[in-house]
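Residue numbers (the working numbering): 157 to 321. What follows is a set of notes on a single structure, which appears directly below.
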């Protein structure tokens with residue numbers, strides 16, 4: 157990380173992962189070209205889950221090259237007079253694999269719904285019973301995580317967090 161004065165501890169990065177509205181999943185397609193897309197995630201310890209269709213380009217990419225990178229961002233605030241943006245971010249690297257065990261799939265889907273649609277949990281069991289056969293769940297086992305933050309104090313001075321360069 158070039159701006160080590162913005163570096164944050166792993167606990168901060170995990171918190172950003174848990175709070176981001178969505179994350180951007182970066183992968184390599186079967187021909188070796190970069191490909192990324194937004195996914196809705198949930199974290200359980202050192203595992204991140206997301207769901208998708210059972211087939212499609214994303215699934216082809218993940219099967220061909222399971223090494224992935226996930227970018228999470230939250231707490232963004234444009235500071236127009238400084239021509240900059242405050243933010244909190246986390247970058248996760250890891251290996252993606254499809255979840256094939258139905259109990260783990262249901263666990264991951266329950267976590268996803270509890271995080272993103274908690275008001276609808278009364279209908280969770282019926283929805284899962286209907287959609288489980290056509291829903292894929294993937295997990296990323298986190299091998300590396302870093303966090304970064306840019307924030308200003310009440311005087312308008314950029315706050316320093318990590319080590320100075």
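C-beta atoms are modelled at their ideal positions from N, C-alpha and C, and glycine is treated no differently. These figures come from a predicted structure and were not determined experimentally.
Helix, strand or coil: how does DSSP classify residue i here?
i: residue 248; result: strand
i: residue 238; result: helix
i: residue 192; result: strand
i: residue 168; result: helix
i: residue 183; result: strand
i: residue 307; result: coil
i: residue 290; result: helix
Hey, residue i and residue j: beta-carbon distance below 9 Å or not?
i: residue 226; j: residue 287; result: no
i: residue 176; j: residue 228; result: yes
i: residue 304; j: residue 246; result: yes
i: residue 221; j: residue 186; result: yes
i: residue 293; j: residue 248; result: no
i: residue 302; j: residue 201; result: no
i: residue 203; j: residue 297; result: yes
i: residue 174; j: residue 250; result: no
i: residue 213; j: residue 191; result: yes
i: residue 217; j: residue 184; result: yes
i: residue 291; j: residue 210; result: yes
If you count every other CB in all the chains shown that lies within 10 Å of the CB of residue i, and 16 or more means buried, which is it?
i: residue 168; result: buried
i: residue 189; result: exposed
i: residue 234; result: exposed
i: residue 238; result: exposed
Residue i and residue j look like a contact to me (Cβ under 8 Å); what is the Cβ gap, rounded to whole Å?
i: residue 172; j: residue 244; result: 5 Å
i: residue 205; j: residue 267; result: 6 Å
i: residue 198; j: residue 271; result: 5 Å
i: residue 232; j: residue 240; result: That belief does not hold up - the Cβ atoms of residue 232 and residue 240 are roughly 11 Å apart, past 8 Å.
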